[in-house]
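Sequences listed follow chains G and E, in order. Every letter in the first sequence is one number past the one before it in my numbering, and letter 79, counting from 1, is 79. Every letter in the second sequence is one number past the one before it in my numbering, and letter 70, counting from 1, is 70. For each residue, glycine too, the CB sits at the ideal point set by N, CA and C. All of these numbers come straight from a predicted model, not from anything done at the bench.
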Amino acid sequence: GENVEQHPSTLSVQEGDSAVIKCTYSDSASNYFPWYKQELGKRPQLIIDIRSNVGEKKDQRIAVTLNKTAKHFSLHITETQPEDSAVYFCSFSNSGNTPLVFGKGTRLSVIA
Amino acid sequence: GAVVSQHPSWVICKSGTSVKIECRSLDFQATTMFWYRQFPKQSLMLMATSNEGSKATYEQGVEKDKFLINHASLTLSTLTVTSAHPEDSSFYICSARTANSPLHFGNGTRLTVT
Numbered sequence: 001g002e003n004v005e006q007h008p009s010t011l012s013v014q015e016g017d018s019a020v021i022k023c024t025y026s027d028s029a030s031n032y033f034p035w036y037k038q039e040l041g042k043r044p045q046l047i048i049d050i051r052s053n054v055g056e057k058k059d060q061r062i063a064v065t066l067n068k069t070a071k072h073f074s075l076h077i078t079e080t081q082p083e084d085s086a087v088y089f090c091s092f093s094n095s096g097n098t099p100l101v102f103g104k105g106t107r108l109s110v111i112a
Numbered sequence: 001g002a003v004v005s006q007h008p009s010w011v012i013c014k015s016g017t018s019v020k021i022e023c024r025s026l027d028f029q030a031t032t033m034f035w036y037r038q039f040p041k042q043s044l045m046l047m048a049t050s051n052e053g054s055k056a057t058y059e060q061g062v063e064k065d066k067f068l069i070n071h072a073s074l075t076l077s078t079l080t081v082t083s084a085h086p087e088d089s090s091f092y093i094c095s096a097r098t099a100n101s102p103l104h105f106g107n108g109t110r111l112t113v114t
């Protein structure tokens, strides 16, 4: 079935440094790649998404890159802050009303 | 933006009883809603896809007779955990999207079965 591998599972960075989380997916028909941030006990929140016709998208300190040939996509957080500490999930789906498949998550800790 | 409301936010029930969780799309019509389950420190696992006016589609390994899903209107889907057991204790999250839009999650329901 469809699956996505996410690395690393945990990541600790110093405040102000950058954090990168990488995902590899299996379904070549996938064309929608959102990233979610989940704080403890709360629902996942969409932080950024990218579609397959775009290679990179940036929103302030957050950026996502997509390599469709290699089936890789990555989340980049620059100038990290303690409030960035959370679990981040990559996900993907086809267009329309298909469900998202989630990676196993990355627990990011930003150390002040 | 699109809002998905889920109730209750938490529930404690005794083993053997049933629990119903409601998921509503407040400002849009959702022909399809998705139910996920998340165990502590794990990822979100899709349980089933809820289709308005038809039977839900369950993922492999999810018992359809245990997790009853009803999607009677374009804004409401319910998940009923029947004959709950302690191993059913988990965080249940519903979600909905319109075509080509981001997936919006409800606040989730933390179920504890004693």
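Exercise for review: Taking residue 46 of chain G as the reference, give the member of G:26, G:9 and G:88 with the closest Cα.
Suggested key: Among G:26, G:9 and G:88, the Cα nearest to that of residue 46 of chain G belongs to G:88.
Practice item. Enumerate in chain order the residues of its own chain whose CB-to-CB distance from residue 81 of chain G is below 7 Å, with the five nearest sequence positions on each side excluded. Key: So the list reads 15 and 110, once near-sequence residues are dropped.
Practice item. Return no unless some Cβ of chain E is closer than 8 Å to the Cβ of residue 8 of chain G. Key: By this cut-off, residue 8 of chain G is not an interface position.
Review point. From the beta carbon of residue 108 of chain E, is the nearest beta carbon of chain G less than 8 Å away?
Key: Contact of residue 108 of chain E with chain G is assigned, a C-beta pair being separated by under 8 Å.
**Study point:** CB contact flag (residue 57 of chain G, residue 25 of chain G, <8 Å)
**Key:** No, the pair does not count as a contact, with Cβ atoms beyond the cut-off.
Check your understanding: Looking at C-alpha atoms only, which residue of G:60, G:13, G:36 and G:84 is the closest neighbour of residue 23 of chain G?
Key -> Of the listed residues, the one whose Cα sits closest to residue 23 of chain G is G:36.
**Study point:** residue 69 of chain G - partner residues in DSSP beta bridges
**Key:** The partner list for residue 69 of chain G (beta bridge, DSSP) is empty, contrary to what the question assumes.
Check your understanding: Since residue 12 of chain G is in the beta strand (DSSP E), which residue starts that stretch and which ends it?
Key -> 10-14 is the extent of the beta strand (DSSP E) around residue 12 of chain G.
Check your understanding: the segment 49-66 of chain G: which residues have C-beta closer than 7 Å to a C-beta of chain E, in chain order?
Key -> Taken in chain order, the members of the segment 49-66 of chain G whose beta-carbon sits within less than 7 Å of a beta-carbon on chain E are 49.
Exercise for review: Evaluate contact between the segment 36-51 of chain E and the segment 62-72 of chain E, counting only Cβ atoms and requiring at least three cross-stretch pairs below 8 Å.
Suggested key: Contact holds: three or more Cβ-Cβ distances are below 8 Å.
Practice item. Could you check which residue in E:113, E:108 and E:112 has the C-alpha nearest to that of residue 40 of chain G? Key: The shortest C-alpha separation from residue 40 of chain G is found at E:108.
Review point. Can you list, in chain order, the stretches of the beta strand (DSSP E) that have 3 or more residues and sit fully within the segment 27-74 of chain E?
Key: Within the segment 27-74 of chain E, the complete beta strand (DSSP E) runs of at least 3 residues are 32-38, 45-51 and 67-73.
Check your understanding: Assuming residue 33 of chain G and residue 66 of chain G make a contact with CB atoms under 8 Å, what is their CB distance in whole Å?
Key -> Rounded, the Cβ-Cβ distance is 6 Å, consistent with contact.
**Study point:** Secondary structure of residue 34 of chain G, DSSP reduced to three states
**Key:** For residue 34 of chain G, the three-state secondary structure derived from DSSP is strand.
Exercise for review: Please list the partners that residue 99 of chain G has in chain E, where partner means a Cβ-to-Cβ separation under 7 Å.
Suggested key: Simply 34, 46 and 49.
Exercise for review: Output the boundary residues of the beta strand (DSSP E) element that contains residue 45 of chain G.
Suggested key: Per DSSP, residue 45 of chain G belongs to the beta strand (DSSP E) from 45-51.
Review point. Which chain G residues sit within Cβ distance under 9 Å of residue 103 of chain E?
Key: Here the neighbours are 34, 36, 44, 46, 91, 93, 99 and 100.
Check your understanding: Going by other Cβ atoms of all chains shown within 10 Å of its Cβ, with 16 needed for buried, is residue 26 of chain E buried or exposed?
Key -> That one is exposed.
Practice item. Taking only the alpha-carbon atoms, compute the straight-line gap between residue 54 of chain G and residue 114 of chain E and give it to the nearest angstrom. Key: Cα to Cα, residue 54 of chain G sits roughly 49 Å from residue 114 of chain E.
Practice item. Kindly identify the DSSP beta-bridge partner or partners of residue 17 of chain E. Key: Note: residue 17 of chain E sits in no beta bridge, so no partner.
Point to revise | Residue(s) in a DSSP beta bridge with residue 59 of chain G | key: Under DSSP, the beta-bridge partners assigned to residue 59 of chain G are G:62.
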